[in-house]
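FYI, the numbering for the sequence shown is 82 to 511, going by this note's numbering.
Quick reminder that beta carbons are idealized off the backbone N, C-alpha and C, glycines included.
Just so we're clear, the structure is a prediction, and the values are computed from it rather than from any experiment.
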Amino acid sequence: MGLGALALASLESGRATAEEAAPTVHGLSGIPHHTPRAKNVIFLTQSGGPSQIELFDDKPGLSKWAGKELPESVRQGQRLTTMTANQKQLVMPSRATFGRYGDSGATVGEWLPHHTQVVDDLCFVKSMVTDQINHAPAMTKFLTGHQLPGRPSLGAWTSYGLGSENRNLPEYLVLISKMKRPSDQPLYDHYWGSGFLPSRYQGVKLRNAREPVLYLRDPDGLPRELRRGMLDGLAELNEMRLATTGDPEIETRIRQYEMAWRMQTSIPELTDLSDEPESTFELYGPDSRRPGSYAANCILARRLVERGVRFVQLFHPDWDHHSRLSSWCVARCRDTDQASAALVTDLKQRGLLGETLVVWGGEFGRGVAGQGAWDSPDGGRDHHPRCFTVWLSGGGVRPGLTYGATDEFSYNVAENPVHVRDLHATLLHL
82 MGLGALALAS
92 LESGRATAEE
102 AAPTVHGLSG
112 IPHHTPRAKN
122 VIFLTQSGGP
132 SQIELFDDKP
142 GLSKWAGKEL
152 PESVRQGQRL
162 TTMTANQKQL
172 VMPSRATFGR
182 YGDSGATVGE
192 WLPHHTQVVD
202 DLCFVKSMVT
212 DQINHAPAMT
222 KFLTGHQLPG
232 RPSLGAWTSY
242 GLGSENRNLP
252 EYLVLISKMK
262 RPSDQPLYDH
272 YWGSGFLPSR
282 YQGVKLRNAR
292 EPVLYLRDPD
302 GLPRELRRGM
312 LDGLAELNEM
322 RLATTGDPEI
332 ETRIRQYEMA
342 WRMQTSIPEL
352 TDLSDEPEST
362 FELYGPDSRR
372 PGSYAANCIL
382 ARRLVERGVR
392 FVQLFHPDWD
402 HHSRLSSWCV
412 ARCRDTDQAS
422 AALVTDLKQR
432 GLLGETLVVW
442 GGEFGRGVAG
452 QGAWDSPDGG
462 RDHHPRCFTV
472 WLSGGGVRPG
482 LTYGATDEFS
492 YNVAENPVHV
502 RDLHATLLHL
């Protein structure tokens with residue numbers, strides 16, 4: 082905990098960006114050892130394992146290996162899931178065509194056309210590595226640095242170190258996409274949990290519905306001043322118990338009641354997008370008008386950092402394309418491509434990108450071998466922990482950079498491996 086505090090102290094800063102913003106509270110005291118750059122984080126979590134082979138990691142040489150067995154010299158004993166362990170590892174070239182874009186010449190697959198317009202504002206890390214091959218432990222590691230639940234999430238560390246710039250909103254908020262079809266991919270609370278830190282630092286999940294928070298209105302017939310008096314009386318009782326037991330959970334409970342009172346005013350104003358100009362919805366795409374959609378959540382993420390929320394985490398599930406890659410992966414790209422690029426553009430236009438770190442990525446990548454028939458439209462790709470791609474933007478990150486590289490099969494890292502823990506260290510340093 083001391084090491085985490087030391088790392089996060091470098092992020093300390095104060096900023097008043099909205100009418101309701103207040104001086105930083107609940108953060109670590111002390112002077113950072115270097116001038117901080119990122120003041121807020123928006124983490125665009127693509128849950129399920131996006132395929133780097135179709136999206137960012139162009140491997141044109143795979144065409145000559147199409148349908149051939151992946152060499153054992155490349156596999157090097159790589160563990161496979163039970164879904165593909167008993168089938169031949171036949172190479173399946175990318176289903177998407179690639180191009181180079183921007184002054185940086187970054188490679189992007191055709192399924193992400195809007196990304197091509199912002200590549201010079203992105204930093205691609207193509208040499209990400211994890212050591213977990215199944216979703217839950219891999220996502221747990223991606224977000225907490227350890228495969229077993231119980232460690233603080235990245236957002237919890239950030240809120241612990243930085244505190245809040247807005248007394249009326251939590252430091253750490255979680256937004257989960259409302260999918261057009263039901264998702265069977267679970268998203269566990271420990272992904273945004275506080276672990277061994279006090280529970281006040283855990284993420285607060287907003288509902289992906291027209292009412293993001295239930296019961297914001299006081300019961301009919303209960304005057305506001307009477308409600309305030311009830312909360313004050315309850316706080317006194319809790320404080321008496323806290324003085325007796327020293328239980329930090331009681332302190333969290335006191336803060337939660339007070340935050341709930343403040344959110345009765347702040348949340349309706351935050352989530353009412355009617356004050357957004359038409360140009361905003363045009364930028365983020367038609368799905369941005371649908372409450373709970375990924376695009377609408379991207380707009381909310383921008384509004385949250387404008388109001389001083391330190392860490393905003395979006396989750397968009399169903400990137401787990403074991404079959405029908407060309408349709409499933411394309412569908413997820415359509416859900417997220419325009420809004421992800423629009424968020425970067427929007428933050429830049431508002432002068433917020435320099436102090437807001439945007440992160441895009443999932444828990445692992447996909448393997449080069451086809452799952453099922455490699456040449457069938459129903460073919461997919463299995464989980465692959467040895468290499469995958471994330472991108473970063475803003476917050477002191479060097480734009481237009483592609484860092485790291487994979488081998489000719491996008492199977493092993495060839496240059497500058499970046500373990501998930503190294504990514505965490507970088508994010509906390511910024």
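C-beta atoms of Trp456 and Gly148 nearer than 8 angstroms: On the sequence shown, position 375 is the one that residue 456 refers to. On the sequence shown, position 67 is the one that residue 148 refers to. Per the sequence presented here, residue 456 reads as Asp, with Trp not at that position. Yes, they are a contact pair.
Check whether Pro372 and Arg291 have beta carbons under 8 angstroms apart: Position 291 of the sequence shown holds residue 372. Position 210 of the sequence shown holds residue 291. Yes, Cβ-Cβ distance for Pro372 and Arg291 is below 8 angstroms.
Cβ neighbours of Asp459 in the same chain (closer than 8 angstroms, five flanking residues each side left out): Locating residue 459 in the sequence shown gives position 378, where the first residue counts as 1. Excluding residues within five positions, the ones whose Cβ falls inside 8 angstroms are Ser404, Arg405 and Gly453.
Inter-residue CB distance, Asp202 and Ser474 (contact presumed, cutoff 8 angstroms): Taking the sequence shown and counting its residues from 1, the one referred to as residue 202 is at position 121. Taking the sequence shown and counting its residues from 1, the one referred to as residue 474 is at position 393. Contact flag correct, Cβ pair sits at about 5 angstroms.
Contiguous beta strand (DSSP E) assignments of at least 3 residues, all confined to the segment 225-283: Complete beta strand (DSSP E) runs here, min 3: 245-247 and 253-257.
Beta-ladder partner(s) of Glu150, from DSSP: Here residue 150 is taken as the residue at index 69 of the sequence shown, counted from 1. The partner list for Glu150 (beta bridge, DSSP) reads Leu171.
Distance, His402 Cα to Ser280 Cα: The count along the sequence shown starts at 1 and reaches residue 280 at position 199. The count along the sequence shown starts at 1 and reaches residue 402 at position 321. The alpha-carbon atoms of Ser280 and His402 are separated by roughly 35 angstroms.
When Thr197, Phe179, Val199 and Gln198 are compared against Leu190, the one with the closest alpha-carbon: To locate residue 190, count along the sequence shown from 1; it is residue 109. Reading off the sequence shown, one finds Gly at residue 190, where the question assumed Leu. For the residues Thr197, Phe179, Val199 and Gln198, the minimum Cα distance to Gly190 belongs to Phe179.
Same chain, Cβ closer than 8 angstroms to Val425, five either side skipped, listed in chain order: Reading the sequence shown from its first residue, position 344 is the one you call residue 425. Excluding residues up to 5 positions away in sequence, Val199, Asp202, Leu203, Leu434, Val439, Ser474 and Gly475 lie with their Cβ nearer than 8 angstroms to the Cβ of Val425 in the same chain.
Limits of the beta strand (DSSP E) - the one that Phe124 falls within: On the sequence shown, residue 124 is found 43 positions in, with the first residue counted as 1. DSSP places Phe124 in the uninterrupted beta strand (DSSP E) bounded by Asn121 to Gln127.
Supposed contact pair Tyr253 and Tyr282 - C-beta distance, whole angstroms, cut 8 angstroms: Locating residue 282 in the sequence shown gives position 201, counting from the first residue. Locating residue 253 in the sequence shown gives position 172, counting from the first residue. The Cβ separation is near 7 angstroms, so the contact holds.
Own chain partners of Asn493 with C-beta closer than 8 angstroms, once the 5 adjacent residues on each side are dropped: For the purposes of this step, residue 493 is taken as the residue at position 412 of the sequence shown. Here the set comprises Val155, Gln157, Arg467, Cys468 and Thr487.
Enclosing beta strand (DSSP E) for Val440 [first to last residue]: Here residue 440 refers to the residue found at position 359 when the sequence shown is read from its first residue. Run containing Val440: Thr437 to Gly442, per the beta strand (DSSP E) assignment.
Among Val501, Val478, His397 and Gly432, nearest to Pro131 - alpha-carbon criterion: Walking along the sequence shown from the start, residue 131 turns up at place 50. The candidate whose alpha carbon is nearest that of Pro131 is His397.
Own chain residues within Cβ distance below 6 angstroms of Leu161, not counting five before or after: By 1-based counting over the sequence shown, the position of residue 161 is 80. If we look at Leu161 and ignore the five residues flanking it on each side, it has no Cβ neighbours.
Helix, strand or coil at Cys531 [DSSP, three-state]: Because residue 531 is not part of the residues shown, which for the chain are 82 to 511, the question remains open.
Cα-Cα separation between Val501 and Arg176, rounded to whole angstroms: Against the sequence shown, residue 501 aligns to sequence position 420. Against the sequence shown, residue 176 aligns to sequence position 95. Rounded to the nearest angstrom, the two C-alpha atoms are 27 angstroms apart.
Whole-angstrom distance between Asp299 and His195, CA atom to CA atom: Working through the sequence shown from its first residue, we reach residue 195 at position 114. Working through the sequence shown from its first residue, we reach residue 299 at position 218. Taking the straight line joining both Cα atoms gives about 43 angstroms.
Inter-residue spacing [alpha-carbon to alpha-carbon] between Gln127 and Arg308: As a first step, residue 127 must be located in the sequence shown, where it is residue number 46. As a first step, residue 308 must be located in the sequence shown, where it is residue number 227. Their Cα atoms are separated by approximately 41 angstroms.
Contact set for Val393: own chain, Cβ-Cβ below 6 angstroms, skip 5 residues either direction: Working through the sequence shown from its first residue, we reach residue 393 at position 312. Cβ contact annotation for Val393 (same chain, cutoff 6 angstroms, sequence separation greater than five): Ile123, Leu254, Ala382 and Leu385, in chain order.
Sequence-distant residues of the same chain with beta carbon closer than 8 angstroms to Leu504, five excluded per side: Start at 1 with the first residue of the sequence shown, and residue 504 comes out as number 423. Correct list, in chain order: Val206, Met209 and Val471.
Separation of Asn249 from Ala102, as counted between CA atoms: Within the sequence shown, the letter at position 21 stands for residue 102. Within the sequence shown, the letter at position 168 stands for residue 249. Any reading at Ala102 must be qualified, since the residue scores a pLDDT of 43, below 50, and its modelled position is unreliable; no value is offered.
Cβ neighbour criterion (16 or more within 10 Å) applied to Gln430: Residue 430 sits at position 349 when you count from the first residue of the sequence shown. Around the C-beta of Gln430, fewer than 16 other C-beta atoms lie within 10 Å, and the residue is accordingly described as exposed.
Where Asp313 falls, given that 16 or more other Cβ within 10 Å makes a residue buried: Position 232 of the sequence shown holds residue 313. So Asp313 ends up on the exposed side.
Where the alpha helix (DSSP H) through Thr361 begins and ends: Mapped onto the sequence shown, residue 361 falls at position 280. Glu359 to Tyr365 is the span of the alpha helix (DSSP H), which, as asked, contains Thr361.
C-beta contact flag for Pro233 and Gly276 at 8 angstroms: For the purposes of this step, residue 233 is identified with residue 152 of the sequence shown, where counting begins at 1. For the purposes of this step, residue 276 is identified with residue 195 of the sequence shown, where counting begins at 1. Taking 8 angstroms as the Cβ cut-off, Pro233 and Gly276 qualify as a contacting pair.
Where Lys140 sits in the DSSP three-state scheme: As a first step, residue 140 must be located in the sequence shown, where it is residue number 59. Coil.
Cβ-Cβ distance between Leu297 and Leu256 below 8 angstroms: One-based indexing of the sequence shown puts residue 297 at position 216. One-based indexing of the sequence shown puts residue 256 at position 175. Cβ atoms of Leu297 and Leu256: not closer than 8 angstroms.
C-beta atoms of Ser407 and Val449 nearer than 8 angstroms: Here residue 407 refers to the residue found at position 326 when the sequence shown is read from its first residue. Here residue 449 refers to the residue found at position 368 when the sequence shown is read from its first residue. Not a contact, by the Cβ cut-off of 8 angstroms.
Proximal residues to Ile112 (C-beta, below 6 angstroms), its chain only, five neighbours per side dropped: Stepping through the sequence shown from its first residue, residue 112 is reached at position 31. With a pLDDT of only 43 at Ile112, under the threshold of 50, the placement of this residue in the model should not be trusted; the figure read from the coordinates follows. Excluding sequence neighbours, Ile112 sits near nothing in its chain.
Terminal residues of the alpha helix (DSSP H) in which Glu339 lies: Sequence index remark: in the sequence shown, residue 339 carries index 258 (1-based). Judged by DSSP secondary structure, Glu339 falls within the alpha helix (DSSP H) whose first and last residues are Pro329 to Thr352.
Rounded straight-line distance, which links the Cα of Ala316 to that of Leu351: Residue 351 sits at position 270 when you count from the first residue of the sequence shown. Residue 316 sits at position 235 when you count from the first residue of the sequence shown. About 27 angstroms.
Cβ separation of Ser264 and Asp399, assumed to be a contact under 8 angstroms, to the nearest whole Å: As a working mapping, residue 264 is identified with position 183 in the sequence shown. As a working mapping, residue 399 is identified with position 318 in the sequence shown. The Cβ separation is near 5 angstroms, so the contact holds.
Per-residue burial, Glu246 [other beta carbons within 10 Å of its own, 16 or more giving buried]: Your numbering for residue 246 matches position 165 in the sequence shown. So Glu246 counts as buried.
Close-in-space but distant-in-sequence residues of the same chain around Lys169 (CB under 7 angstroms, 5 per side omitted): Your numbering for residue 169 matches position 88 in the sequence shown. Here the set comprises Glu150.
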